[in-house]
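Residue numbers (the numbering used here): -8 to 446.
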């Protein structure tokens, strides 16, 4: 008979004493290395989760592995590195980090003493390394990367839109010595032009401390006196210049443009965000960048015109409302829900119905990419990877939507899954017929559907 071991099960005194001895010995060892295990490093926003589960980090880029890449780029910024690469097996916590993150959490996430290095890599070799790493799903040498992308499942790798394998250029890559030594980065044509004395553990710790500082460090949050029936909160990253020093009066440019866009009749919250962001960015000559904003708040929930949008309850921290990211589930209206359920009962569709389904899914996916780039750029590689997996039929629509829920802590309407299931087979076929190639994000961006006057 198996009995669950929970906190309600009393400790066996002698066993507990031995366990405590070895645990404390380990904590003392970490302190001898310069760590303070119980010190809080970061407080993650409610919509940020660092997924370190083995099944995740060895199969796709997560926010944790993306942060590991970005942390190495931050460390080697003076060495002009431009691309971050890490093997998924470097993350060992096999858990998801949320909310308060301690130094001990970082040690558990990245326990190895791997050192960060800066490499000069020929584009052709780098493309080979990335392709090989992409095909190693489920293996510890599956590679996560940032600031480089593939739109065709790893056949071509682009940096600033240029095919790195054909550019004839060398690229400055930040990685760890382990990934260098056990991939094609160990080629004699690859140069280690700077070897740091900083471990990936310390590198990630410093990055998260700056990216998501513990609550109470700085403020940069502002609440505007709302118009009747509205509540608007916006914030700026602590590391950016937009701060309380610049935003002390009612005539500051954030306030000015927020009130301008809030006052516009029938302006959607996404338009409010984009309009305010663009106006502030322009007037400040690119210095001030609004990062997140949500509005129309009643009783702790966001209410938009579209009743199919459901958001989790915002969390108040030190009196400040933390709002979830806005994602474009609003393209599905109640009439679309009825249409999807009606179409589900059929085996044949008119050309207009097929084009309408494809158009809605195409708009959703491309809008999701645009909003992610504007609001949560650190999530962009993950979102692109999820979308391409969906297009490739590597994951089904249910899994895709579950990943969105994990990324955005937002519950989309169930009809989105139904739309994908109805539309994707037709979308894949029309892309293949139009371009003669399997479907990619790049091709659905270029896809132009015929307009139909009649149903």
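Every residue gets a Cβ at the ideal spot worked out from N, C-alpha and C, and that includes glycine.
Please read these numbers as outputs of a predicted model, since none were measured by experiment.
Asked                                                                                                                                                                    : Found
Our contact map puts residue 27 next to residue 89 with C-beta atoms below 8 angstroms; I'd like the distance itself, whole angstroms only.                              : Wrong, their Cβ atoms sit about 21 angstroms apart, outside the cutoff.
List the DSSP bridge partners of residue 111.                                                                                                                            : 163, 182
For a minimum of 4 consecutive residues, which ranges assigned as the alpha helix (DSSP H) are wholly contained in the segment 351 to 415?                               : 371 to 382, 388 to 399
On a Cα-Cα basis, can you pick out the residue from 349, 369, -8 that is closest to residue 410?                                                                         : 349
Compare the beta carbon distance of residue 422 and residue 430 with 8 angstroms and say whether it is the shorter of the two.                                           : yes
For residue 327 and residue 112, I'd like the C-alpha separation in whole angstroms.                                                                                     : Low per-residue confidence applies at residue 327: pLDDT is 46, beneath 50, and the placement is therefore not dependable, though the value from the model is reported in the following sentence. Answer to the nearest angstrom: the Cα atoms are 50 angstroms apart.
Per the contact definition of three or more C-beta pairs closer than 8 angstroms, is the segment 46 to 54 in contact with the segment 95 to 108?                         : no
If you draw a straight line from the alpha carbon of residue 11 to that of residue 396, how long is it in whole angstroms?                                               : 38 angstroms
Who are the near neighbours of residue 177 in its chain, counting only those whose CB is closer than 7 angstroms to its CB and skipping five residues on each side?      : 171
In angstroms, rounded to a whole number, what distance separates the CA positions of residue 29 and residue 198?                                                         : 18 angstroms
So, does the segment 56 to 70 touch the segment 184 to 203, judging by three or more C-beta pairs under 8 angstroms?                                                     : yes
Using only alpha-carbon positions, find the residue among 164, 73, 133 that is nearest to residue 151.                                                                   : 73
Just how far apart, CA to CA, sit residue 9 and residue 92?                                                                                                              : 27 angstroms
Under three-state DSSP, which class holds residue 191?                                                                                                                   : helix
Mapping DSSP to helix, strand and coil, what is residue 203?                                                                                                             : coil
Considering just the uninterrupted stretch of the alpha helix (DSSP H) at residue 95, what are its terminal residues?                                                    : 94 to 100
Residue 195 and residue 59 - do their beta-carbons sit closer together than 8 angstroms?                                                                                 : yes
Mark residue 96 as exposed unless 16 or more other C-beta atoms lie within 10 angstroms of its C-beta, in which case mark it buried.                                     : buried
Terminal residues of the continuous alpha helix (DSSP H) containing residue 33?                                                                                          : Unbroken run through residue 33 is the beta strand (DSSP E), 31 to 34; no alpha helix (DSSP H).
When the Cα atoms are used, what is the spatial distance from residue 391 to residue 352?                                                                                : 13 angstroms
May I have the straight-line CA-CA distance separating residue 0 from residue -6, to the nearest angstrom?                                                               : 10 angstroms
Can you list, in chain order, the residues of its chain whose CB lies under 6 angstroms from that of residue 381, leaving out five sequence neighbours each side?        : 391
What is the rounded straight-line gap between the Cα of residue 345 and the Cα of residue 417?                                                                           : 7 angstroms
Express the C-alpha separation of residue 276 and residue 128 in angstroms, rounding to a whole number.                                                                  : 43 angstroms
Suppose you measure from the CA of residue -3 to the CA of residue 13; what does that come to, to the nearest Å?                                                         : 21 angstroms
Pick out whichever of 110, 6, 267 has its Cα sitting closest to the Cα of residue 179.                                                                                   : 110
If you measure between the beta carbons of residue 118 and residue 84, is that distance less than 8 angstroms?                                                           : no
If we call anything under 8 angstroms between Cβ atoms a contact, is residue 78 one with residue 133?                                                                    : yes
By Cβ distance, which residues of its chain are closer than 6 angstroms to residue 371, with the 5 residues on each side in sequence left out?                           : 363, 364
Suppose the cutoff is 6 angstroms on Cβ atoms and the five residues either side in sequence are ignored; what does the same chain contact list for residue 44 look like? : 85
Name the DSSP beta bridge partners of residue 87, please?                                                                                                                : 42
Applying the 10 Å Cβ sphere with the 16-neighbour rule, what's the burial state of residue 42?                                                                           : buried
If you draw a straight line from the C-alpha of residue 439 to the C-alpha of residue 250, how long is it?                                                               : 37 angstroms
I need the DSSP call for residue 106, collapsed to helix, strand or coil.                                                                                                : strand
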